[in-house]
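In the numbering used here, the protein residues as written are 2 to 123.
Even glycine gets a Cβ: it sits at the ideal position worked out from N, Cα and C.
Quantities reported herein were computed from a predicted structural model and do not represent experimental measurements.
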């Protein structure tokens, strides 16, 4: 995956306690279980994933996208015009819900509750 090889347990996590426990349990960086080592990693790129899982998931999703001949950005399939691709890119979950239901009032971001939440409390 092109990741730089770790040379110390402290490169996996900035938490000294976790780094010391990893070293105590595994002894060698070469023996760390990838799943547990990945869970112990500091998060990268404002995500909830460490470097290993971030790279792994990015690789898998890139391969899924690139291998899907019907993926909307795959220009070779001729399914969508450039204007249609731009419209799809600009569409969010809120847009899909508004277009397909009778709901008329939704917050701009459905992933975060605003202080002036449109749904009254029971």
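What residue range is occupied by the uninterrupted alpha helix (DSSP H) comprising residue 87? 83-90
For residue 6, tell me which candidate among 25, 30, 18 has the shortest Cα-Cα distance. 30
Check for me: the alpha helix (DSSP H) holding residue 95 runs from which residue to which? 94-101
Residue closest to residue 32, alpha-carbon to alpha-carbon, out of 52, 74, 9, 99: 9
Counting along the chain, where does the alpha helix (DSSP H) carrying residue 40 start and finish? Judged by DSSP secondary structure, residue 40 falls within the alpha helix (DSSP H) whose first and last residues are 35-41.
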